[in-house]
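Here the sequence shown stands for residues 72 to 243, where the numbers follow my numbering. Just so it is clear, CB atoms sit at the ideal spot from N, CA and C, and this is done for glycine as well. All remarks here apply to the structure that follows.
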Amino acid sequence: KKSLEKKFFVSDMKVSGDKLFIVGRSLKSKKEKENFFLKSFKLKGQKIKQSWAVRAKDSGGGREVGTSLLPLSDGGILVGGYFDGTWELGQSDPSKKLALFTQPNLLGNEFDSFIARYDSTGNLSSAQSSSLPGSDFLVGMAATGEDDFTILGNRKIDGGFGPYLSKIKSDG
């Protein structure tokens, strides 16, 4: 039995070999909006031990939500989600560089999807936002090649709302 902490909301969980990945959002206080988190655990028999973790550094009071995970053949993980303000996506080593995502629009009333690729030790190797007009919310990912992926999401633009599919590369 493993407790994650209070005020954590889990969106997705994937197992790959002896690794367990969990993504979602968390709240540190009632004043703060949701912040992205990603955790990696090592599975050994009945034991579960955290290997590394990543959290967001919120720069503009927005919300960042991790929604989807896709384990990669090299032991890494592709993570996706959405955000509505400027923020920095971290690495397992807090002294390493961060990926900066900027607010989707000046009004602050739209969301943008993102994907990020981490290696097996939690090093961020690439990150990108969708930069689509309107609001978009990534909900799922599937591998369609070694570095090719198809993402599924929902998009709101010009008063309409509906699904979208997009093919992407995760190599930056």
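Considering only the alpha carbon of each residue, which of the options lies closest to residue i?
i: Ile186; options: Val210, Gly133, Ala170, Val150; result: Val150
i: Gln90; options: Ser97, Lys104, Lys120; result: Note on identity: in this sequence residue 90 is Lys, with Gln being the wrong assignment. Taking only the C-alpha atoms, the option nearest Lys90 is Lys120.
i: Thr157; options: Lys113, Val81, Gly88, Glu135; result: Glu135
i: Asp183; options: Phe154, Trp123, Gly193, Gln199; result: Phe154
i: Trp123; options: Lys104, Glu159, Ile93; result: Ile93
i: Leu141; options: Glu159, Gly205, Gly230, Leu223; result: Leu223
i: Ser196; options: Met212, Asp164, Gly133, Asp229; result: Asp164
i: Ser234; options: Val210, Glu217, Gly216; result: According to the sequence as given, residue 234 is Pro; it is not Ser. Closest option to Pro234, Cα to Cα, is Val210.
i: Ser82; options: Lys118, Ser139, Lys110, Leu98; result: Ser139
i: Ile148; options: Leu236, Gly133, Met212; result: Met212
i: Ser237; options: Gly230, Asp229, Leu203, Glu217; result: Leu203
i: Phe172; options: Gly216, Ile239, Ala127, Gly146; result: Ala127
i: Gln199; options: Ile239, Lys167, Asp229, Leu98; result: Ile239
State the Cα-Cα distance for the pair residue i and residue j, rounded to the nearest angstrom.
i: Lys77; j: Gly161; result: 21 Å
i: Phe208; j: Lys115; result: 35 Å
i: Gly85; j: Leu143; result: It is Lys, not Gly, that sits at residue 85 in the sequence shown. If you take the alpha carbons of Lys85 and Leu143, they lie about 11 Å apart.
i: Asp219; j: Tyr189; result: 15 Å
i: Asp129; j: Gly137; result: 14 Å
i: Gly152; j: Gly88; result: 24 Å
i: Thr192; j: Lys227; result: 36 Å
i: Glu181; j: Phe112; result: 33 Å
i: Ala214; j: Asn225; result: 19 Å
i: Phe232; j: Gly205; result: 10 Å
i: Arg96; j: Ser201; result: 20 Å
i: Phe79; j: Phe108; result: 9 Å
i: Val125; j: Lys110; result: 6 Å
i: Lys168; j: Asp229; result: 36 Å
i: Gln174; j: Asn106; result: 15 Å
Could you pull the DSSP bridge partners for residue i from this structure?
i: Glu159; result: Lys128, Leu171
i: Phe108; result: Gly95, Arg126
i: Gln199; result: Ile186
i: Arg226; result: Asp207, Gly233
i: Ser87; result: Lys90
i: Gln121; result: Phe112
Classify residue i as helix, strand or coil using the three-state DSSP reduction.
i: Phe182; result: coil
i: Thr221; result: strand
i: Pro165; result: coil
i: Gly137; result: strand
i: Ser82; result: strand
i: Leu143; result: coil
i: Gly193; result: coil
i: Gly152; result: strand
i: Lys238; result: strand
Taking 8 Å as the threshold (beta carbon to beta carbon), is residue i in contact with chain B?
i: Pro204; result: You won't find chain B in this structure, because it holds only one protein chain.
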